[in-house]
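Q:
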Amino acid sequence: MLHSMFSNHLPTFRHGIHPPQFKDDTKDKPIRHFPFAPVMVIPLAQHIGKPSVPVVREGQEVVRGQLLARADGFVSVPQHSPASGIIKKIGRVPGITGKMVPGIYLEPFPGSSQEVMEGRPVDVETATADDIIRAIQDAGIVGLGGAAFPTHVKLKIPEGKHADTLILNGAECEPYLTTDHRVMLEQAPDIMTGLRYLLKATGAPRAIIGVESNKPDAADNLRAHIPPDLPVTVELVEVKYPQGAEKMLITALLGREVPSGGLPIDVNAVVVNVATCAEVGRLLPRGRGIQERVITITGPGVEKKGNYWIPIGTPLRYVLEQAHAAPDINRVFLGGPMMGTAVSSLDIPITKGTSGVVAFRDAEAFARQNKIYPCIHCGACVEACPLFLNPSKLGILAKFKEYHAMASEYHLMDCFECGSCTYVCPSHIPLVQYFRMSKLVLRNEKAKKIHV
Amino acid sequence: MFRKTLEIGTSPHIISGNSTDTIMRNVVYALLPVAAYAVYVFGLAALLLLITALGACLLTEYMLNRWAGNPSPLNDWSVTITGLLYGLTLPPHLPLWMVFLGGVFGVAFGKFIFGGLGYNVFNPALVGRAFIQAAFPVAITTWMTPFTADRFAHIPSSTLTLPFLEPVYDITSGATPLALMKFEHHTTDVYQLVMGMTSGSTGETSALLIVLGGLYLIARRMMDWRIPVALLGAVYILSTFFHFIDPTRYPDGLFMLFSGGLMLGAIFMATDMVASPITHAGAALYGVLIGIMVYVIRVWGGLPEGVMYAILFGNAVSPHIDNFIRPRVYGTGKKRSLS
Amino acid sequence: MTETPLMPSANEAGSFKMFRAMVGIGIACALAIVATYQLTLPVITANKAEALEKAIFNVLPGAATRVNYRWNGRRFEKISPDIHGRDVIYVGLDKDNQLIGIAVEAGGQGFQDAIQLLYGFDPYKQHIVGFQVLESRETPGLGDKIDKDAAFKANFNALDARLNDESTRLAHPIVTVKHGAKTHPWEVDAITGATISSKAVGVILNNSVQYWAPLIHQHLDELKE
Amino acid sequence: MLILTALGALGGLTVVLALLLIIAYKKLQVKEDPRIDIVEEMLPHANCGACGYPGCRPFAEALVREEALPGKCTVSSDEGRQQIAAFLGVDVGASEKQVARLACGGGINVARNRARYQGLQSCEAASLVSGGGKECFWGCLGLGDCVDACDFDAIKLNAFHLPVINEDKCTACGDCVVACPKDLLSLHPVSHRLWINCKNLEAGDEILEECKVACTACGRCAMDAPDQMIVMKENLPVIDYRNYQDTTKPMERCPTGAIVYLHPQKGKITGPKARPVIRTSARTDAPT
Amino acid sequence: MQQKSPGKLQQFFHFPEGDGLATDEFIKGLWRENPVLVQVLGMCPTLAVTNSATNAIAMGLATLFVLVMSNVLVSSLRKVIPKQVRIATYILIIATFVTVADYVIQAISLEVHKALGAFIALIVVNCIILGRAEAFASKNTVWKSLMDGLGMGIGFTFALLLLGTVREILGNGTLFGFPFFPDSFQEWVIMILPGGGFFTLAFWLLFFNGMKARKKDNHTEVHPEKESVEEVYV
Amino acid sequence: MKTGNLWFIFINASLINNFVLAYFLGICPFLGVSGKLSTASRMGMAVTFVMLISSMAAYGIHAFLLWVDAPFLQLISYIVVIASTVQLVEMFIKKFSPTLFKALGIFLPLITTNCAILGLALFQTNKGYNFLESFVFALGAGLGFTLALVLMAGLREKLDFAEVPAIAKGTALTLLVAGILSLTFMGFAGLGG
Ligand SMILES: Cc1cc2nc3c(=O)[nH]c(=O)nc-3n(C[C@H](O)[C@H](O)[C@H](O)COP(=O)(O)O)c2cc1C
Ligand SMILES: Cc1cc2nc3c(=O)[nH]c(=O)nc-3n(C[C@H](O)[C@H](O)[C@H](O)COP(=O)(O)O)c2cc1C
Ligand SMILES: Cc1cc2nc3c(=O)[nH]c(=O)nc-3n(C[C@H](O)[C@H](O)[C@H](O)COP(=O)(O)O)c2cc1C
Ligand SMILES: Cc1cc2nc3c(=O)[nH]c(=O)nc-3n(C[C@H](O)[C@H](O)[C@H](O)CO)c2cc1C
Ligand code: SF4
Ligand code: SF4
Ligand code: SF4
Ligand code: SF4
Ligand code: FES
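Residue numbers (the working numbering), protein chains in the order written: chain A, 64 to 515; chain B, 2 to 340; chain C, 963 to 1187; chain D, 2 to 289; chain E, 343 to 576; chain F, 14 to 206.
#1: Quick check on A:F423: does DSSP put it in helix, strand or coil?
#2: What first and last residue would you give for the beta strand (DSSP E) that runs through A:W372?
#3: Name, please, each residue of chain E whose Cβ falls closer than 7 Å to the Cβ of F:T184.
#4: Between D:V100 and chain C, is the shortest Cβ-Cβ distance under 7 Å, so that the two count as touching?
#5: By the criterion of Cβ-Cβ separation under 7 Å, what are the contact partners of A:F463 in chain F?
#6: Would you call the stretch 12-28 of chain B in contact with the stretch 57-66 of chain B, where contact means no fewer than 3 C-beta pairs closer than 8 Å?
#7: Going straight from the alpha carbon of B:L50 to that of B:L95, what length do you get?
#8: Measuring only between beta-carbons, confirm whether B:G302 sits less than 7 Å from chain A.
#9: Going by Cα to Cα distance, which pick from B:V300, B:T249, B:I24 is closest to B:S260?
#10: In chain order, what residues of the same chain lie with their CB nearer than 8 Å to the CB of B:R67, ignoring the 5 residues before and after it?
#11: What is the DSSP secondary structure of A:E355, counted as helix, strand or coil?
#12: Would you identify the three-state DSSP class for A:N393, choosing helix, strand or coil?
#13: Could you tell me the alpha carbon to alpha carbon distance between D:N201 and D:T257, rounded to whole angstroms?
#14: Out of curiosity, what's the CA-to-CA distance linking E:I447 and E:M411?
#15: Check whether chain B comes within 7 Å of F:P111, counting only Cβ atoms and requiring the distance to be less than that.
#16: Can you list the residues of chain E that B:L218 reaches, using a CB-CB cut of under 7 Å?
#17: Check whether the Cβ of C:I995 lies closer than 7 Å to any Cβ atom in chain F.
#18: Can you pull the DSSP bridge partners for A:V156?
#19: Is DSSP giving B:N316 helix, strand or coil here?
#20: Mind checking D:V65: buried by the 16 CB within 10 Å criterion, or exposed?
#21: Please check the pair A:G364 and A:F423, which I expect to be a contact at CB under 8 Å, by giving their CB distance rounded to whole angstroms.
#22: Please check if any C-beta of chain E sits within less than 7 Å of the C-beta of D:H264.
#23: To which residues of the same chain is D:V1 closer than 7 Å at the C-beta, ignoring the five residues directly before and after it?
#24: How would you list, in chain order, the residues of chain F whose beta-carbon sits under 8 Å from the beta-carbon of A:I289?
#25: Taking only beta-carbon atoms, is D:L11 less than 7 Å away from chain F?
#26: Suppose the cutoff is 6 Å on Cβ atoms and the five residues either side in sequence are ignored; what does the same chain contact list for B:P164 look like?
#27: Please name the residue, chosen from F:I193, F:L188, F:I106, that lies closest to E:L389 on a Cα-to-Cα basis.
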């Protein structure tokens, strides 16, 4: 509260909320490496798009960084082996949706040095934009900001459009999470290298790194590392959720509004998460594939809170055991508390899109005790929604199953499920859940046919 | 090692500490000083009246929801506000049976019938009062003089009138400042108004305590300040303007602000979020609209006071305000989407 | 259903048939109405006259018969007893056919809707001598007391309506004052809780008397005929 | 005299109006679907607006456009409404009665939950949260979206939170089919009584950990079925209803009761092998 | 039954074999298809003139008269009126009977006429009358139309009386003008004001809906309570 | 004085003695067509339009009947003339402006046989309004009707999404809201007087 009053001059967007940060526990913890689990679980669809296709057999021995599955088309990325080991099984693995999904079980060799396989490097000076984009795809890079959207797709500027600004998203507005913060502190050179690739790939003449003002150390560190020839600036933005959403960041930094239903490129911007950029800067010069990522493990249920390099495919159970989670953890979710997904089983693995693991115990499970009252039209949600929707009306319509009116009159499809409305609602109405469900119903409606 | 069943639910996994029942409870806190002062000013009659009003509302809410098979809604405190506010808008010595009847009507037909908390389109307390005003216009326009000497010991005969019978008055009745203004062109001193030394409804007389209660709620962000500010502002500007044109016909702004039920209405009743527009701009428009109507009824209408009617009218208009003033959705470019 | 039945051709009536049906029924209706009118007219006229006379005799104590007069702009002319209108007044005569007063209808806005009333005027004493509400939609229990409240009606047993020296206007306009504040014979003592309706009565009376009293005063002889 | 005036006035009026109307009809008539007139004729002409349309004619137009159903008119009699329905041919043709069928037997007595779901009590909403917390991903969530969807009160949840369809009340409107996020409901002719009561695609006995009545893909039913009536597809038996025979033979050897016979009176019948499974689970786990 | 061909009069009235008196046409208007309580028609007089039971009865009877007469006339003329001028002629017929009723009431009692005010004349546009003429009389025999008119008319009167009684008792302390309560009774003025009309009718509708719902409740079985069953976890 | 009187007639007809909420005229369309805001507002405009037409027609007929001295034909000629005029107008609009017909015309048959229209004609005659006064009266009554209808429609649209107890759904609830609106309009009493 006080903070936002003093930082009022900082660029930001309208509305939004100020949830408590909970970042102090981990923001000063340097990134540390994590041991390999006895069995790794590697789903073939860790990204948005088509699942990748296995190129290995059961029983085959693989080396860390080796290609396990190739991309199936443009909107797809390959999978690389997170460890040297043996392929135990290719079949169904538990997925975050609760469904068994196609995947690979890998048993790492105990005690192996886990050398990473080197590939064909891409030189930023000589490579063309298309080369870089192809290399990013080959590296299996997806957005590490949470959505796991294949980065190369995003970098491919459509015909007739151009990018005038590349925005690096270092906002990290989610409470609890500190991965991007640590990455900006520890991997500034990688970020700068990555930026060169990204600027070339998109053809953007300049880049802005947007950092929330609660991470001044990160901003200073980045500024210190900017090479003189790179057209990059670092800008502080107000601490406010969801400052890190690409639309909000674009509005804060450029003063432009991404049109409803449109993409950042429609306002000549491309937004990439800082960790994604660092990954590009680290992998491309060596031609490697992605095998691990930085994750914040935190929450009241975790004892050894911290930021870790965790190999992709490490089962959650193993992660929590290593982090000394309390035995009575009650709710575990991947990502931050505002947007993260609660898991129903600890057998599911860490994937490329996982930015944090937060565990709550019974005491923190507030949502359960809160009685749901009818909407009292207090307007708090309307004042919180960063997209200026009317969540109150949408919630009431959803309750009465008026999904079409929600979409046609109240812009349901624009809602990016940030959860600000649910956070502030004094009646504890599960607004976001209503909206997710409504969107699903609308999407399914056309697909479903009555069949005998 | 870990317990086997996790809990799953959708994000967000944390929520703010605000809660509907907390908000409602705080409104009750803000109203208590007003009620206590009313008892001080009007004595036992006011106490009995408030208890009856509260009892009628709570009982109706409880019984109806029991009958409908809903869990008891009393712990959300909203009906407590209804009961208190309803009582505070009535003349202090109104027969208790009328008080009870209006409370039952207000909650049953102003709230329950629409689906209870959150669904009522009119302010339940005012529906109850409007019913009583139309049913017993004589009783509700007879006012008691404040600070009568034996007010505590004495229970006015009208208060205890047997159900369904016509009240007989044994109190000194006094005209309200607005009636004096309207029918005798006599303006009451603002100091007296602020301190609640005038005739009027049980809770409307002390403007000071009402304002303090409102400030408390605004400070705790449990009330939208736009509605009272817009409403009072509209009344003040209009009255100052007309007073400037013809001071003999039109009373001055301060008098208008502090007389009658305006303060209570503007701060506690027009702000009932359930029946008012949801956006900030809408709330401001709503306040201005009610303010204008209050002024029009008071100055040109037949009745000396119009706050209740103005707020009810505002309630009726608020769906339209919500329809017209919609937030401009991010990225849609249009300034305001009409209709 | 595969085939759509065509419009039944029997319904496709010719213009003449339509014409015949409408005009035929119209004429039949006219006959029926006229018949009823003729049959009920005497009773209705009698009823109306009776009701009006009752009202007139009520506001003109002692009257036994009445005569209708119309002001035609220059003088009063005697007209048939079933003609009414804005410019008609009723002259009340006692058993000896002596003019004892004049009943006048007046109307104006009350609290809720228009109020129509009838008052008796004594042209000799220049007093209002009686008052009755013919029509009002005032609130029952409040505004409708103007016709029920004995104390209020007592105002009009001898309400001063004297003309000024030039006989052009009332010497003192009739006004309604707050309950209990009546000090002059030309003031109307209002009903508590119904001040607005009481004031309306005062205003209606004042407007009407201001108009008629000078006329009656100047043309009293015509009315005495 | 009076009579003459009256006749003159009213007669004249009617003459003028009749002429005007007739001319107007001739000159201003707008060609429209003739059925509108006929349907309007069948409506009560109360022009009351109760149907939600501003009058009988607009309602008739809506009926002809098949935007509304005759039942909306509150004034008309039952026969009147039927007459209109019959005229417009909006009634259903004669075909075999269909009903909704549920392909899951995993009530809370036999199927396990892996996580405790908190949130909106709706299957659709729960299915979005890690599939809803049920151990079997395919299974019924038991939160009753189908019950809410049914306008005919044909579905109830039983004590084990499994929907039960009342075949008499079901009109095969298909609303529940659309509502179920797990696609467990489908419409079938009532005569299809042999029924695969499971949708899980896993094979092997491990699945029994999740749900005691799950299909383990052992394939016995397919072997026992006459004329290749049942084939195994994706670890599930599929009944080919085109050459359906009304027999209980295929379910005799089913070890779990994943294939059932839907008896019109007795309800779901399982084969003898599976009966103990059902019985014990019903006895031990079922709370009162 | 006689096999003789029916006589002229019988042909005119056309008694159907099964339900010779068309009792159903009569009964349905009283309750099942009550014009006010079920069909929600003719609301204006229902609300406007029911501030006393006397007015309610008078209005009900006047409407009954017009309804029966116009039903009978419309149905007997149904063959000769071409479709195109149907409405116009029905209105003519109805207006005539209303004028007749208007004058008759004036002749009987000026006071009642004054109390009902314009609403006597407004019977012309009461949706029930034209509605029945169109929906029923123009398609049915004279006898059936007569019964229909009687049933609907009495049903209408009954509904009016329900309102009138409540409003007069509470609003004026009297019933049919006779004191119902002791003198000291405090009248509920609202009941004779417009608001009271709306509320009373709403109240009666709620009452009847409640009765209907209770009847239905007795027939529906109770489902197993969702919450009463504990779930099984791994 | 003259304009003041017109203003007063207008306020009186639209607010104080609102046709629907105080005089109980046109309740059927008020209950029937107030479910949707778009319909309600167009209906209101159509009613206002027809009120203006019939007010003028009634003024003419009244003069005519006075002239031929046949007061007993008042009712029948009012209704017949109004009904036919509206029907003619309807056909006219339908023929020449299908869009206007879609917007307003479809309401016309519902309005023809409606208490509010005939009531207006009868009231203006009873009150002895002159032509201009009649016109203002009709305008006020029509706009007042529209106001009531539109307010009601807004509330009902909101109440579509309320958990109304089953027994109150439908007409009962609408009547209750109308009752409360009618109480609200009592606040206008005495305005303009
Ligand atoms: C078909 C498709 C095309 C996309 N194209 C672009 C693009 O051209 N530029 C871009 O910045 N993002 C693009 N995106 C990515 C989205 O804008 C967005 O970054 C991604 O869904 C994750 O967003 P973040 O988590 O807010 O939300 C595309 C997404 C999809 C589904
Ligand atoms: C509500 C919301 C909050 C978000 N918060 C962040 C954030 O704090 N940091 C971040 O990097 N991305 C955040 N994102 C994702 C961004 O919109 C965007 O997808 C991402 O920055 C693009 O980079 P990536 O594709 O490299 O992940 C958020 C998205 C949404 C919808
Ligand atoms: C519902 C209601 C109806 C009223 N009806 C009338 C009425 O018909 N006539 C009237 O003069 N006052 C009526 N009033 C009361 C006026 O406001 C009253 O004249 C005013 O309070 C002045 O009263 P006083 O005589 O005590 O000064 C009514 C008040 C209410 C609340
Ligand atoms: C600021 C505020 C003002 C309120 N004012 C009223 C009021 O005037 N009347 C009332 O019945 N309830 C009032 N309530 C309580 C609550 O909103 C009300 O009972 C709902 O209208 C019932 O659905 C108020 C609540 C708040 C928070
Ligand atoms: S979840 Fe959707 S509706 Fe709610 S605040 Fe975020 S964008 Fe707005
Ligand atoms: S925050 Fe909750 S209670 Fe307030 S308006 Fe929004 S949905 Fe309604
Ligand atoms: S929703 Fe339709 S198909 Fe499903 S059970 Fe009900 S009636 Fe049958
Ligand atoms: S069948 Fe489908 S909709 Fe019905 S309860 Fe089960 S999961 Fe829900
Ligand atoms: S009775 Fe008045 S509109 Fe139907």
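Just so it is clear, CB atoms sit at the ideal spot from N, CA and C, and this is done for glycine as well.
A: This is what the structure holds:
#1: Residue mapping note: residue 423 of chain A aligns to position 360 of the first sequence, counting from 1. Here A:F423 sits in strand by DSSP.
#2: Here residue 372 of chain A is taken as the residue at index 309 of the first sequence, counted from 1. A:W372 -> beta strand (DSSP E) spans 369-374.
#3: Looking up residue 184 of chain F in the sixth sequence gives position 171. Near F:T184 (Cβ distances below 7 Å), the residues of chain E are V382, L547.
#4: Here residue 100 of chain D is taken as the residue at index 99 of the fourth sequence, counted from 1. No, D:V100 does not count as interfacial toward chain C.
#5: Within the first sequence, numbered from 1, the residue matching residue 463 of chain A stands at position 400. Result: F174.
#6: no
#7: What you label residue 50 of chain B is simply residue 49 of the second sequence in a count that begins at 1. What you label residue 95 of chain B is simply residue 94 of the second sequence in a count that begins at 1. The straight-line gap from Cα to Cα measures roughly 8 Å.
#8: Within the second sequence, the letter at position 301 stands for residue 302 of chain B. Chain A, which has no Cβ nearer than 7 Å to the Cβ of B:G302, makes this no.
#9: Here residue 260 of chain B is taken as the residue at index 259 of the second sequence, counted from 1. Considering only alpha carbons, the answer is B:V300.
#10: In the second sequence, counting from the first residue as 1, residue 67 of chain B sits at position 66. Counting only Cβ-Cβ distances below 8 Å, and skipping sequence neighbours, we find S73.
#11: The residue given as residue 355 of chain A occupies position 292 in the first sequence. Of the three classes helix, strand and coil, the one that applies to A:E355 here is strand, per DSSP.
#12: Numbered from its first residue, the first sequence carries residue 393 of chain A at position 330. Three-state result, A:N393: strand.
#13: Here residue 201 of chain D refers to the residue found at position 200 of the fourth sequence. Here residue 257 of chain D refers to the residue found at position 256 of the fourth sequence. So the two alpha carbons sit approximately 13 Å from each other.
#14: As a first step, residue 447 of chain E must be located in the fifth sequence, where it is residue number 105. As a first step, residue 411 of chain E must be located in the fifth sequence, where it is residue number 69. For E:I447 and E:M411, the distance between alpha carbons rounds to 16 Å.
#15: Taking the sixth sequence and counting its residues from 1, one reaches residue 111 of chain F at position 98. So, not an interface residue.
#16: One-based indexing of the second sequence puts residue 218 of chain B at position 217. Here the premise fails: no neighbours, minimum Cβ distance about 32 Å.
#17: Reading the third sequence from its first residue, position 33 is the one you call residue 995 of chain C. At least one chain F Cβ lies under 7 Å of C:I995.
#18: Translated into positions along the first sequence, residue 156 of chain A becomes position 93. DSSP output for A:V156 lists A:V164 as bridge partner(s).
#19: On the second sequence, residue 316 of chain B is found 315 positions in, with the first residue counted as 1. Reduced to three states, the DSSP call for B:N316 is helix.
#20: The residue labelled residue 65 of chain D in the question sits at position 64 within the fourth sequence. Burial call: buried.
#21: For the purposes of this step, residue 364 of chain A is taken as the residue at position 301 of the first sequence. For the purposes of this step, residue 423 of chain A is taken as the residue at position 360 of the first sequence. Yes, A:G364 and A:F423 are in contact; Cβ-Cβ is about 6 Å, under 8 Å.
#22: Counting from one through the fourth sequence, the residue named residue 264 of chain D turns up at place 263. At a cut-off of 7 Å between C-beta atoms, D:H264 does not count as an interface residue with respect to chain E.
#23: Past the boundaries of the shown model lies residue 1 of chain D; chain D is included only from 2 to 289, so the question cannot be answered.
#24: As a working mapping, residue 289 of chain A is identified with position 226 in the first sequence. By Cβ distance, chain F contributes nothing, its closest Cβ being about 54 Å from A:I289, past 8 Å.
#25: Looking up residue 11 of chain D in the fourth sequence gives position 10. Yes, its Cβ sits closer than 7 Å to a Cβ of chain F.
#26: On the second sequence, position 163 is the one that residue 164 of chain B refers to. For B:P164, where only same-chain residues beyond five positions count, the Cβ hits under 6 Å are W98.
#27: Counted from its first residue, the fifth sequence places residue 389 of chain E at position 47. Checking every option, the nearest Cα to that of E:L389 belongs to F:L188.
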